[in-house]
Every structure is written in C-alpha cells, then in structure tokens.
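Q: The sequence shown begins at 302 in this note's numbering and counts up by one.
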Amino acid sequence: MPALLSMLFNLALTLLVECGLSLLFRSKPVSMAVLYGNLLTNPVLNYTLILVGTLAGRTAFFATMLLLETAAVGIEALLIGKMAEFKATEAIGLSFLLNLASFAVGTLLW
Numbered sequence: 302m303p304a305l306l307s308m309l310f311n312l313a314l315t316l317l318v319e320c321g322l323s324l325l326f327r328s329k330p331v332s333m334a335v336l337y338g339n340l341l342t343n344p345v346l347n348y349t350l351i352l353v354g355t356l357a358g359r360t361a362f363f364a365t366m367l368l369l370e371t372a373a374v375g376i377e378a379l380l381i382g383k384m385a386e387f388k389a390t391e392a393i394g395l396s397f398l399l400n401l402a403s404f405a406v407g408t409l410l411w
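Written out as structure tokens, the structure reads:
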C-alpha cells in the first residue's frame, strides 16, 4: 500500500474507533477533543513510523512506535483535560484506553 494511502487508512481507522468510543460519553467536548487530538497526533505518528521503518529497520520502528504512542496519549490527554474539563488522571486514563482500543484494532488488521 502506498505511504499516503496507508496514512489515510490509519487515520480513518483511528478516528472510527476512538471517536466512535468517545460518543459513549454523550459529550461534544470529549468527542471534539478526541477528534482534534487524533488529527494532530496521528499523521505525525504514522509519517514518522513509515520513515523510521524504511530507513532504520524493525527494532527502531518498534522503539519509535512506543515513544510516539506515549506522546500521543499525553497530547490527547491534555486536550481532553482542557476541552472536556476532565481531571488529569481521568484524561490520561481515557486517552490511554482509546489509544489502546485503536492500537488493538490496527494490530488485528495488520
């Protein structure tokens, strides 16, 4: 799959899973924070992983993925905390669970 198509597929899948799950909160601020967080972090994460996987190999890919996923959880948690007025621990927990769900779905399809 070409890189751009792969990135678009990954973004669409992530938005489907994470935004879909965020709807369970029936809160527009939560859903908007999740949407904005993923639009901000997902393209950077996927582009970087494509580059690292191509240029540096499998070991660097997995180390980079762990680092970037952790950063994505943090950035998305900040947005959830600010936009939806969640406590820090709640925002981190929600961001972690949403990212875990989309990561699991992506891993199953990979």
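A virtual CB, placed ideally from N, CA and C, is assigned to each residue, including glycine.
Quantities reported herein were computed from a predicted structural model and do not represent experimental measurements.
Of the residues Leu346, Pro344, Glu319, which one's Cα is nearest the Cα of Ala334?
A: The option with the nearest alpha carbon to Ala334 is Glu319.
Q: Would you be able to state if there are at least three C-beta pairs under 8 Å between the region 400–409 and the region 305–319?
A: yes
Q: If you draw a straight line from the alpha carbon of Met366 to that of Arg327, how long is it in whole angstroms?
A: Cα to Cα, Met366 sits roughly 31 Å from Arg327.
Q: Where Leu410 and Leu379 are concerned, what is the direct C-alpha to C-alpha distance, given to the nearest angstrom?
A: 29 Å
Q: Which value, in whole angstroms, describes the spacing of the CA atoms of Gly338 and Thr355?
A: 26 Å
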